[in-house]
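K.L.:
Here the sequence shown stands for residues 160 to 475, where the numbers follow this note's numbering.
For every residue, glycine included, the Cβ atom is placed at its ideal position computed from N, Cα and C.
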Amino acid sequence: ASAAPRVGDWVIAVGNPFGLGGTVTSGIVSARGRDIGAAGPDDFLQIDAAVNRGNSGGPTFNLAGEVIGVNTAIVSPSGGNVGIAFAIPSETVSYVVNSLKTSGKVTRGYLGVNIQPVTPEIAEGLGIKETEGALVSDAQPDTPAAKAGIKAGDVVTKVNGKQVKDARDLSRRISSIAPGANVKITVLRDGKEREFNVSLAKLPDRRADNASSRGDDSADQTSLPRLGLKLAPANQVSGAGKEGIVVTDVDDSGPAAERGIKAGDVILEAGGKHVSSPADLREALSAARKNGKNVVLLRLKSGDSNRFVTLPVKQG
Numbered sequence: 160a161s162a163a164p165r166v167g168d169w170v171i172a173v174g175n176p177f178g179l180g181g182t183v184t185s186g187i188v189s190a191r192g193r194d195i196g197a198a199g200p201d202d203f204l205q206i207d208a209a210v211n212r213g214n215s216g217g218p219t220f221n222l223a224g225e226v227i228g229v230n231t232a233i234v235s236p237s238g239g240n241v242g243i244a245f246a247i248p249s250e251t252v253s254y255v256v257n258s259l260k261t262s263g264k265v266t267r268g269y270l271g272v273n274i275q276p277v278t279p280e281i282a283e284g285l286g287i288k289e290t291e292g293a294l295v296s297d298a299q300p301d302t303p304a305a306k307a308g309i310k311a312g313d314v315v316t317k318v319n320g321k322q323v324k325d326a327r328d329l330s331r332r333i334s335s336i337a338p339g340a341n342v343k344i345t346v347l348r349d350g351k352e353r354e355f356n357v358s359l360a361k362l363p364d365r366r367a368d369n370a371s372s373r374g375d376d377s378a379d380q381t382s383l384p385r386l387g388l389k390l391a392p393a394n395q396v397s398g399a400g401k402e403g404i405v406v407t408d409v410d411d412s413g414p415a416a417e418r419g420i421k422a423g424d425v426i427l428e429a430g431g432k433h434v435s436s437p438a439d440l441r442e443a444l445s446a447a448r449k450n451g452k453n454v455v456l457l458r459l460k461s462g463d464s465n466r467f468v469t470l471p472v473k474q475g
C-alpha cells in the first residue's frame with residue numbers, strides 16, 4: 160500500500176472460507192498494532208470484515224485496490240466469525256518475502272537490551288513526566304547497545320527520529336530493521352535527551368536460563384515488614400555474587416510481592432545508587448521520602464536478566 164491504513168478505513172478481505180474460493184467480505188480497520196500473543200513482536204491489524212476458517216493467507220485490500228495485509232487469525236468462542244479478525248500488515252509481509260528471496264530465511268535486527276514499559280510509578284522514580292518510550296533494564300555486554308553507550312536506566316524515546324510508544328513498539332521497530340543497518344537511537348538519561356548511532360547485529364537464538372540466587376540460613380538477614388521483605392547482603396549468600404542485596408523471603412501479601420519481587424532476586428540499585436546492604440536500601444527509601452517522592456526505583460537482577468520496579472517509600 161502507498162500509505163499506512165488508518166483506524167476506520169474501509170477494507171475488503173478475500174479468502175477461501177470452508178472451501179468457498181474467492182469469497183469477498185468488507186469491513187473497517189478496527190485497530191492497529193494489536194498483540195495477540197503470537198511468537199515474536201506482534202503488530203497486527205484488527206479488522207471487522209467477516210473472516211472464517213480458510214481465510215488465512217488471503218489478502219486484505221483498501222478501497223484503492225492496494226494490499227494492506229494478509230488475513231491470519233480470528234478471535235471466536237465458536238470458531239466462526241464474530242467481527243474480530245487480524246491481518247499481518249503489508250510492510251511486514253514485504254520484509255519477510257524479500258528476506259526469504261534474498262537469503263532463504265528471515266533475519267531480524269538486534270539491539271541487545273532488556274526493556275520494559277514505563278509505568279507512572281517508574282516515571283516518577285526516574286523523575287520524568289511522560290510514560291512513553293521503553294525503559295532499558297539491562298544493556299547486555301558486547302552488544303550493539305552496550306558498544307554505543309546505551310545503559311540501564313535509559314529510556315528509549317525515538318528510533319531514527321520517530322517516537323517510540325512503548326516497549327513493544329521498540330521491539331517491533333528494531334526487529335523490522337535488517338542486521339548491519341545503522342540506526343539513530345534517542346534516549347532520556349537524567350532528564351536530558353542523548354543520541355546514539357548504533358549498528359544493529361543479527362538477532363541471536365533465544366537462550367533460556369532459569370538460574371536464581373536463594374538466601375541461606377547463615378546470612379545476616381534484615382526484615383522490612385511493611386514492605387514484606389527479608390534481605391541479606393549478596394556477599395553473605397551462596398551463589399549470589401558480590402554485588403547488591405539478596406531478597407531472602409517475600410510476604411505474599413506485601414507491597415514487594417504485588418510488584419513481582421521474588422525470593423532470590425538481587426537488588427542492585429535503589430534511587431539510582433548502588434546498594435550493598437539493607438541499610439543502603441533504608442537510606443534510599445528515606446531520601447526519596449524527604450524529596451517528596453511516593454516511590455523509590457529499584458534495579459533488580461532476576462536470574463539472568465535485570466528489570467526495574469518501584470517500592471512505596473511510606474511503607475519502608
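(1) Express the C-alpha separation of Ile344 and Ala438 in angstroms, rounding to a whole number.
(2) So the candidates are Leu179, Ser335 and Asn211; which of them puts its Cα closest to the Cα of Val256?
(3) What residues in its chain sit with their C-beta under 6 Å from that of Ala443, if we drop five residues either side in the sequence?
(4) Counting Cβ pairs, one atom from each stretch, are 3 or more of them under 8 Å apart for the stretch 282-302 and the stretch 455-468?
(5) What are the residues that DSSP puts in a beta bridge with Ser358?
(6) How is Pro218 classed by DSSP in three states: helix, strand or coil?
(7) Roughly how far, in whole angstroms, is the beta-carbon of Ala293 from the beta-carbon of Val265, given that I think they are within contact range, below 8 Å?
(8) Do you know how far the Cα of Gly271 is from the Cα of Asp313?
(9) Would you grab the beta carbon distance between Val478 and Gly216 for me? Rounded to a whole angstrom, and I think it's under 8 Å.
(10) Pull up the DSSP beta-bridge partners for Asp408, would you.
(11) List in chain order: all unbroken alpha helix (DSSP H) runs of 4+ residues lying wholly within the stretch 213-272.
(12) Can you check DSSP and say which residues form a bridge with Ile274?
(13) Using beta-carbon positions only, say whether Arg448 and Val409 come within less than 8 Å of one another.
(14) Assuming Ala326 and Ile274 make a contact with CB atoms under 8 Å, what is their CB distance in whole Å?
(15) Mapping the DSSP letters down to three states, classify Ile420 as helix, strand or coil.
(16) Between Pro176 and Gln205, what straight-line distance do the alpha-carbon atoms span, to the nearest angstrom?
(17) Give the secondary structure of Ile206 by DSSP, where H, G and I count as helix, E and B as strand, and everything else as coil.
(18) CA-CA distance, Asn214 and Ala415?
(19) Assuming contact is defined by CB atoms lying nearer than 8 Å, are Ala307 and Gln299 in contact in what I supplied?
(20) Please report the residue range of the beta strand (DSSP E) in which Lys137 lies.
(21) Closer than 7 Å by C-beta to Pro384: which residues in its own chain qualify, once you throw out the five before and the five after it? Chain order, please.
(22) Do Val170 and Phe203 have their C-beta atoms closer together than 8 Å?
(23) What separation, rounded to the nearest whole angstrom, lies between the Cα atoms of Ala367 and Val188?
(24) Give the straight-line distance between the Cα atoms of Asn319 and Val342, rounded to the nearest whole angstrom.
(25) Could you check the C-alpha separation between Ala370 and Asp463 for me, to the nearest Å?
(26) If we count the other Cβ atoms within 10 Å of its Cβ and call it buried at 16 or more, is Thr261 buried or exposed?
(27) How big is the Cα-Cα spacing for Phe467 and Lys421?
(28) Identify whether Ala429 lies in helix, strand or coil by the three-state DSSP scheme.
(29) Pull up the distance between the alpha-carbon of Asn394 and that of Gly419, whole angstroms please.
(30) What span of residues does the beta strand (DSSP E) with Lys317 cover, start to end?
(31) In whole angstroms, what is the alpha-carbon distance linking Ala246 and Asp411?
(32) Are Val166 and Val173 touching if we call contact CB-CB under 8 Å?
P.N.:
Taking the structure as given:
(1) 37 Å
(2) It is Ser335.
(3) Contacts found: Ala429, Gly430 and Val455.
(4) yes
(5) Answer is Asn341, bridged to Ser358.
(6) strand
(7) No, Ala293 and Val265 are not in contact; Cβ-Cβ is about 23 Å, not under 8 Å.
(8) 13 Å
(9) For residue 478 there is no data in the structure shown, the boundaries of the chain being 160 and 475.
(10) Lys389
(11) 249-262
(12) Val295
(13) no
(14) 5 Å
(15) Three-state DSSP puts Ile420 in coil, outside helix and strand.
(16) 18 Å
(17) strand
(18) 47 Å
(19) no
(20) The structure shown has nothing for residue 137, since the chain only spans 160 to 475.
(21) none
(22) Contact: no.
(23) Here Ala367 scores only 37 on pLDDT, less than 50, and its place in the model should not be relied on; the value that follows carries that caveat. About 37 Å.
(24) 6 Å
(25) Because the pLDDT at Ala370 is just 36, under 50, the model does not fix this residue reliably, and the value given afterwards should be weighed accordingly. Roughly 7 Å between the two C-alpha positions.
(26) exposed
(27) So the two alpha carbons sit approximately 13 Å from each other.
(28) Note: Ala429 maps to strand in three-state DSSP.
(29) Taking the straight line from one Cα to the other gives about 23 Å.
(30) Val314 to Val318
(31) Our two residues, Ala246 and Asp411, have alpha carbons roughly 41 Å apart in a direct line.
(32) no
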